[in-house]
Amino acid sequence: MERFDYLFQRYVQKTATPAERLEFQSRIQSGHYDTRLKELLAHYFQHFTPNEEWDTLPDPPLGTFLSIISDGPERAVGRRWTRGRVIASIAAVILAVIAVALYIGMSHQPEEQTVDASRIKPGSNHAVLELADGTVIDLSSQHEGVILSDTGLFYNDGTPLITGIPKNNNTAHTAKLSTPKGGQYRLTLPDGTTVWLNAASSLTYPSQFEKTERVVELTGEAYFEVAKPVSAEPWPFVVETADQRLKVLGTKFNVSAYPSDGYTKTILQEGTVEITPNFGSPQQLIPNQQAVVFSGNNQIHVNSVDAGDAIAWINGLFYFDNTDIEEVLQIIGRWYNVEVLAGDLPEKKLDGILPRDVNLSDLMTMISETCNIEFKLTEQVDKQLKTRRIYMSY
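The opening position of the sequence shown corresponds to residue 2 in my numbering, with each subsequent residue numbered one higher.
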């Protein structure tokens, strides 16, 4: 349910991406979330507080929400709404939202067809590199990673990509390495630090680091092996995410910071790191500790883990330790580039290690037999893209 609540809030706040809007509509169309949708709508209107400008606004939250769901219905103009009128409309809103979503699904969405899950292969080496001048390079899937040096950019086997990079001691330009869903890639930075980027992730880094510290920005998940400074002078390596700032000298650690998760999770394998939430106090970790910082929360939650198991993904494995089934399905969805609609599944936890290199049907069969849930894979046909979904039921 946490994913559905997250999508609801994104819709209401007008911050949902096109993919999130499509996912939210799909979940409503499935019929599994009717009860929760009613609860969220009731709570939303119950806590709505009009401001001084409310009586003159042409569009109330009701109109806003319906316009988001239907992607642009006719909007009422010049009408004066009061809190009483909004609250009195809750029952109609609930029915209208579901009806509009179903109408969209029947009238405007491409037809969904059941497909053979055995045809869906696991993720592989794939990424794009965006340079400071706007040049975008689609990196080869035949290589595992790239190496950035003072003389150029090379694949991990030495094959040149860009040579003769001009070095400017006064200006550092940023570049961005991004992996899609179903992709992973490795990057070696000029200081010798190696970064493994997981699916649906991005790393922004400068062409040359400053003398005081080495700073990169991460969205999604990555495993870092940070090179120690050659000189005796400290040269901290800093990883910034939406929720925290992590500083190290030389160490091995994993950071997961997917926006849809609502938290940043750091696992330390070797050395020490210092984590500082955006508005909190710093805290150090020791090996085999995990720190979780929730979005909008200044607290750091620390517990012990087996770091070797927790970063199993870089060795081609999924590792689950009492992991909620919805989180499991989201992780799998990123790697196989499928959208998972879990419905009202019971609160199940999964423990174990599963391979990342098998076909989707084999992996889902393992999970289905373990958790006693069924799945159906459908493929939505579109002229420009294909949306693959897994529907889970108990």
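By construction, the Cβ of each residue, glycine as well, lies at the ideal position given by its N, Cα and C atoms.
Apart from the five residues just before and just after Gln284, which ones in its own chain have a Cβ nearer than 6 Å to its Cβ? Ile276, Ile301
Between which two residues does the beta strand (DSSP E) holding Asp322 run? 318–325
Alpha carbon to alpha carbon, what distance is there between Ile287 and Phe254? 11 Å
Return the chain-ordered list of same chain residues with a C-beta closer than 6 Å to the C-beta of Gln291, the five sequence neighbours on each side being excluded. Ile268, Asn304, Val306
Cut-off 7 Å between Cβ atoms - residues of its own chain near Phe155, not counting five sequence neighbours on either side: Val147, Ile148, Pro161, Leu162
Over the uninterrupted alpha helix (DSSP H) stretch that includes Gly309, give me the two end residues. 308–311
Do Leu355 and Phe319 have their C-beta atoms closer together than 8 Å? yes
Taking all protein chains shown into account, do 16 or more other C-beta atoms lie within 10 angstroms of the C-beta of Ser179, making it buried, or fewer, making it exposed? buried
Cβ-Cβ separation, Lys350 to Asn323 (assumed contact under 8 Å), whole Å: 5 Å
According to DSSP, simplified to helix, strand and coil, what is Thr36? helix
Delimiting residues of the alpha helix (DSSP H) encompassing Asp6: 3–13
Please check the pair Gly124 and Gly183, which I expect to be a contact at CB under 8 Å, by giving their CB distance rounded to whole angstroms. 4 Å
The segment 238–251 touching the segment 203–216, judged by at least three CB pairs closer than 8 Å: yes
Under the rule that 16 or more other beta-carbon atoms within 10 Å means buried, what is Val137, buried or exposed? exposed
Hey, could you find the ends of the alpha helix (DSSP H) Glu370 is sitting in? 361–372
Quick one: measure Cβ to Cβ for Thr413 and Ala228, integer angstroms, because I've assumed they're closer than 8 Å. Examination of residue 413 is not possible in this model, given that the chain is present from 2 through 395 alone.
Assuming the contact rule is C-beta atoms closer than 8 Å, Leu219 and Ala258 should be a hit. Round their C-beta distance to whole Å, please. 6 Å
Would a C-beta distance cut-off of 8 Å place Asn360 and Ile121 closer than the cut-off? yes
Taking buried to mean at least 16 other C-beta atoms within 10 Å of its own C-beta, is Leu63 buried or exposed? For Leu63, the pLDDT reaches just 40, beneath the cut-off of 50, and the residue's location in the model is therefore unreliable, although a value from the coordinates is still provided. Classification for Leu63: buried.
So the beta strand (DSSP E) His302 belongs to, where does it begin and stop? 302–305
For Tyr206, three-class secondary structure by DSSP: strand
On the three-state DSSP scale, how would you describe Val293? strand
Assigned exposure category for Thr242 - 16 Cβ within 10 Å defines buried: buried
Note the first and the last residue of the continuous beta strand (DSSP E) segment covering Trp1. What is shown of the chain runs 2 to 395, which leaves residue 1 out entirely.
Can you tell me where the beta strand (DSSP E) holding Gln143 begins and where it ends? Here Gln143 belongs to no beta strand (DSSP E), and DSSP marks it neither H nor E.
When you compare only the Cα positions, how much space is there between Thr18 and Trp314? 27 Å
For Glu21, the residue or residues it bridges with in DSSP: Beta-bridge pairing links Glu21 to no other residue.
Proximal residues to Lys248 (C-beta, below 6 Å), its chain only, five neighbours per side dropped: Pro237, Val239, Glu275
Cβ-based neighbour list, Pro278, same chain, cut-off 7 Å, excluding 5 preceding and 5 following: Asp244, Gln245, Val294, Asn299, Ile301
Spatial neighbours of Ala308 within its chain, please: C-beta separation below 7 Å, excluding the five flanking residues on both sides. Ile268, Leu269, Gln270, Pro288, Asn289
Taking Cβ positions only, does Ala17 come closer than 8 Å to chain C? Included in the structure is just one protein chain, with no chain C present.
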